[in-house]
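Written out below as structure tokens is the structure these notes cover.
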Amino acid sequence: MAYWLFKSEPDTWGWDDQQAKGDAGQEWDGVRNYQARNFMREMKVGDKGFFYHSQTDKAVVGIVEVCAEAHPDSSTDDARWECVDIKAVRPFAEPVTLEQIKAEPRLAEMVLVKNSRLSVQPVTEAEWTLVCEMGATKP
DNA sequence: GCCAACGTTGGC
DNA sequence: GCCAACGTTGGC
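Following this line, the structure appears as structure tokens:
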């Protein structure tokens, strides 16, 4: 199983919106970046991901699970763009901020730190475990 | 609100 | 195929 990170501006689509969708999940549409799309193509049902709030929060706030593999993005007619569906699993007991992540040497290689603009990113198992620990949350 | 980093576009 | 110009993102 692989781990990922999904980034969203909370004003546009936040954790509360995601959680309101429940197990039905939600299409992660609107991604217009090839790297991010390619990562979504690699995702399998059951893969886990962090839900990250950019801009105002700058923190990992919850855990999501992939519930549908890549399919055409319904928000566009452009066949280049695909997306997966994700559903909320559980919120973080303590959100883990970007500041905390940057302060942790073992997370220095996280894509979030290295390439902050990429909106869908892979996360290693070690990073996954550590960030969950920092958030006092079951992986 | 600013600016740096990055990706995409389009002219040559 | 290269590169300059432009637009967008996200941290500060």
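Take the UniProt record's numbering: the last position of the first sequence gets the number 139, and nothing is skipped along the way.
Cβ coordinates follow ideal geometry from the N, Cα and C atoms, glycine included.
The beta carbon of Gln100 sits closer than 7 Å to those of Met134, all from its chain and outside the five residues before and after it, given in chain order.
Looking at the DSSP output, Asp77 sits in no beta bridge, so it has no partner there. In the same chain as Ala2, and ignoring 5 residues on each side of it, the C-beta atoms closer than 6 Å to its own belong to Asp47, in chain order. Going by DSSP, Arg32 is part of no alpha helix (DSSP H) at all; its letter is neither H nor E.
If the five residues before and after Lys58 are omitted, its C-beta is found closer than 7 Å to the C-beta atoms of Thr97, Leu98, all from its own chain and listed in chain order. Under the three-state reduction of DSSP output, Pro10 falls in the coil class, being neither helix nor strand.
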